[in-house]
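A.B. asks: The sequence shown begins at 0 in numbering that gives the first Met the number 0 and counts up one residue at a time.
Idealized CB from N, CA, C, for every residue including glycine.
The structure displayed is predicted, hence computed values, not measured ones.
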Amino acid sequence: MRTLRVWLPFLLGLVTAIVLWGCSESGPRKGPPIRRDIAWGDRQVDWALVYYQSWFRDRNAHYLKLARDSMAGAIKTYFEIQVRIGHSYPDFYDVDFKRRQSCRYLSQIDRDASKYRVDLEDSARTGCLR
């Protein structure tokens with residue numbers, strides 16, 4: 000009985016520490032950090048612009064398809080970031096600007112595809128208003 004009195008506070012403290020440590024790992028924001036997601040979206044935009052310039056130079060339809068896929072992926076990434084962070088996050092309006100600018104680039108890609116009769120399988124504009 001005496002050893003129980005000695006070890007009980009220690010065990011309770013240990014269990015409490017383990018529970019608090021476990022709770023601190025899970026929070027409202029699960030998943031990758033916001034800045035890393037923004038950097039990923041920026042990389043997708045950069046690749047889309049490289050593909051678009053390659054298409055503009057060579058008129059190879061494959062480049063235009065790659066440009067559209069990369070730009071649509073960037074828009075989707077930015078849109079998901081905005082949904083996840085809400086208006087209170089400091090970078091919300093920067094991400095919004097990047098998303099809207101990417102939508103304008105996507106519109107340009109779609110216009111060029113139509114003008115030069117390039118068949119793009121996917122014409123979804125998820126994350127763009129129009």
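Assign T15 to one of three DSSP states: helix, strand, or coil.
C.D. replies: If DSSP states are grouped into helix, strand and coil, T15 belongs with the helices.
A.B. asks: Does the Cβ of Y92 have 16 or more other Cβ atoms within 10 Å, making it buried, or fewer, making it exposed?
C.D. replies: The residue is exposed, with fewer than 16 neighbouring Cβ atoms inside 10 Å.
A.B. asks: Kindly indicate which residue of L48, W46, A47, L63 has the alpha-carbon position closest to the one of W54.
C.D. replies: When each option's Cα is compared against that of W54, the closest is L63.
A.B. asks: With burial defined as no fewer than 16 other Cβ atoms inside 10 Å of the residue's Cβ, what is the status of A71: buried or exposed?
C.D. replies: Per the 10 Å Cβ criterion, buried.
A.B. asks: When burial is assigned at 16 or more other CB atoms within 10 Å of the CB, is R34 buried or exposed?
C.D. replies: By the neighbour-count rule (16 or more Cβ atoms within 10 Å), R34 is not buried but exposed.
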